[in-house]
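Read the structure below first, then the notes.
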């Protein structure tokens, strides 16, 4: 509240509302409302009325917070399931690679990273065409 009074005093002294608003990153319409309330009701006009929320609005705010919590939990669960799926997919892929590795000799290039032999060179690929 003291900050609001100081801003109103600064406007009265300097006379430049827009400069003051830019200086403190305040919307000019808000500053005009503060000034008007201060002129009409004095310091009492600058008091916040946040404690006088209607019961219906308070109930909606609580419900909103509860729903935000549920959404956050669902997002976390979704991310965990995606990570688990990726892990299971990779594990299954490695199992298949191991089956190929131990069931067939010699093992030929399996996806470029798991093989007993080097992957075919570019020259050998083009020579077979």
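In the working numbering, the protein residues as written are 1 to 129. Glycine included, C-beta positions come from ideal geometry on N, C-alpha and C.
Buried is the label assigned to residue 31, since at least 16 other Cβ atoms lie within 10 Å of its Cβ. With fewer than 16 other Cβ atoms from the protein chains shown falling within 10 Å of its own Cβ, residue 57 counts as exposed.
Note on residue 60: under 16 other CB atoms within 10 angstroms of its CB, so exposed under the neighbour-count rule.
In the three-state reduction of the DSSP assignment, residue 27 falls in the coil class. For residue 54, the secondary structure class from DSSP, reduced to helix, strand or coil, is coil.
Burial is judged here by how many other beta carbons sit within 10 angstroms of a residue's own beta carbon; residue 8 has at least 16 and is buried.
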